[in-house]
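In my numbering, the protein residues as written are 1 to 223.
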């Protein structure tokens, strides 16, 4: 009997010891589990925050889109305005060129001016009479004398000593420089006949006729 009791007690003690060990192991295991969960929770938050920070942000809301559209429209309007201005400038230039060409064409078709020919050189006097005689001697018709009269009346008033201080032109034909007239005679500074001869030669070489020279003078102001 005593032996049985002793054996039973030993078995009970053994079971208690095993129970205590199991309980301790359970507590330890639970602690590890709780600590692991807490660690996971603590580390999960920064990861989520980091993930949120790494997400691309929106690069423009409705206001940014509207601003881009307005800028594009403004640029398109500016380009259209510039193109229209260039087209207008080209059109104006073309129209001006056409008008100038038409004006030159009309001038060429009209030819040099003409005036009624005088009955004779007797209708003139002074240096004009000398000029008329030399016009005929040079092979021009009397119808050229009215043009020559208008031309040299404008240039010098038929004064052999007329001088343009600005340009240096001199004499009845307003030669520049005056020494050009020396080819017609050494007395070119004072002799109206010498000046007229030189002037008619210049007109013939450059404008063919006195009326041609007068027409050029009318359009440009010089001959």
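We put the CB at the ideal spot given by N, CA and C, even for glycine.
Taking the C-alpha atoms as reference points, what is the distance between residue i and residue j?
i	j	result
residue 80	residue 219	42 Å
residue 197	residue 185	9 Å
residue 146	residue 165	28 Å
residue 158	residue 135	15 Å
residue 230	residue 174	The question about residue 230 has no answer here: the residues shown for the chain are numbered 1 through 223.
residue 105	residue 98	Its pLDDT being 49, under 50, residue 105 is placed unreliably by the model, and nothing is read from it.
residue 163	residue 178	9 Å
residue 225	residue 210	The displayed coordinates of the chain run from 1 to 223. Any statement about residue 225 would go beyond what the structure contains.
residue 206	residue 114	18 Å
residue 71	residue 65	10 Å
residue 74	residue 216	53 Å
residue 176	residue 126	24 Å
residue 182	residue 116	33 Å
residue 140	residue 87	52 Å
Can you look up residue i in the DSSP assignment and give me helix, strand or coil?
i	result
residue 175	strand
residue 158	coil
residue 148	helix
residue 210	helix
residue 215	helix
residue 80	helix
residue 117	coil
residue 222	coil
residue 124	coil
residue 189	coil
residue 201	helix
residue 131	helix
residue 138	coil
I'd like to confirm the pairing. Which residues does DSSP put opposite residue i in its beta bridges?
i	result
residue 170	163, 175
Does the Cβ-Cβ distance between residue i and residue j come in under 8 Å?
i	j	result
residue 199	residue 172	yes
residue 118	residue 214	no
residue 221	residue 130	no
residue 208	residue 138	no
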